[in-house]
Amino acid sequence: MDKNHINLCLSGQSFRIVTDDDVDYVKQLEKRINSRIESYKKRYPQMSATRCTLLAMLELEDELARAKENYEALDAKISQLRNMPRINTPAARLASARNGQQMPNAERNLPTAPAHSSTGSTIENTAETAAESGTLVGG
Numbered sequence: 145m146d147k148n149h150i151n152l153c154l155s156g157q158s159f160r161i162v163t164d165d166d167v168d169y170v171k172q173l174e175k176r177i178n179s180r181i182e183s184y185k186k187r188y189p190q191m192s193a194t195r196c197t198l199l200a201m202l203e204l205e206d207e208l209a210r211a212k213e214n215y216e217a218l219d220a221k222i223s224q225l226r227n228m229p230r231i232n233t234p235a236a237r238l239a240s241a242r243n244g245q246q247m248p249n250a251e252r253n254l255p256t257a258p259a260h261s262s263t264g265s266t267i268e269n270t271a272e273t274a275a276e277s278g279t280l281v282g283g
């Protein structure tokens with residue numbers, strides 16, 4: 145991949161970088177960073193540009209740290225969900241049968257695929273299937 149040579153200006157400081165990243169992407173980052181710095185300059189006009197830049201950096205690092213925490217929590221939750229035993233799938237029924245176990249009534253009677261009929265909706269057909277098998281609660 146070709147290296148991109150990009151001229152940047154952050155908080156009034158110009159410099160050149162070499163990167164594999166797309167020029168438009170880096171320029172968008174430059175714009176967003178400068179926008180944050182400018183918002184601090186407007187809020188605190190007596191503060192130096194350096195201090196405004198440092199506050200913007202602190203704010204960005206805080207957002208990054210929180211995003212990483214959220215990502216890790218979501219990744220852990222996804223892993224947890226992926227490792228959950230699946231109920232009422234052909235593989236689960238086969239595994240239960242091989243182990244001599246019988247699935248509980250509620251799990252055995254769940255429809256594995258939506259019932260399609262020309263006379264009613266999938267929800268109605270599912271409710272009818274549950275009612276016929278005796279798993280419908282209430283009423």
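According to our numbering, the sequence shown is numbered sequentially starting from 145. By construction, the Cβ of each residue, glycine as well, lies at the ideal position given by its N, Cα and C atoms.
N-terminal and C-terminal residue of the beta strand (DSSP E) that residue i is part of
| i | result |
| --- | --- |
| I150 | 148–154 |
Alpha helix (DSSP H) segment containing residue i, residue limits
| i | result |
| --- | --- |
| S183 | 167–187 |
| S223 | 193–226 |
| P229 | Counting along the chain, P229 falls outside any alpha helix (DSSP H), and DSSP gives it neither H nor E. |
For residue i, the residue or residues it bridges with in DSSP
| i | result |
| --- | --- |
| S158 | C153 |
| T163 | N148 |
Rounded distance between the beta-carbons of residue j and residue i, thought under 8 Å
| i | j | result |
| --- | --- | --- |
| A200 | Y184 | 6 Å |
| N148 | V167 | 5 Å |
| P229 | A220 | Not quite, the Cβ-Cβ distance comes to about 18 Å (not below 8 Å), so this is no contact. |
Minimum C-alpha distance to residue i - residue among the options
| i | options | result |
| --- | --- | --- |
| E203 | K221, M145, S179 | S179 |
| V170 | E182, I181, L154 | L154 |
| G156 | M145, S192, D146, D206 | S192 |
| L198 | A209, I177, A217 | I177 |
| D165 | I181, M145, S158 | M145 |
| I181 | Q172, T194, N214 | T194 |
| N232 | L225, R226, S240 | S240 |
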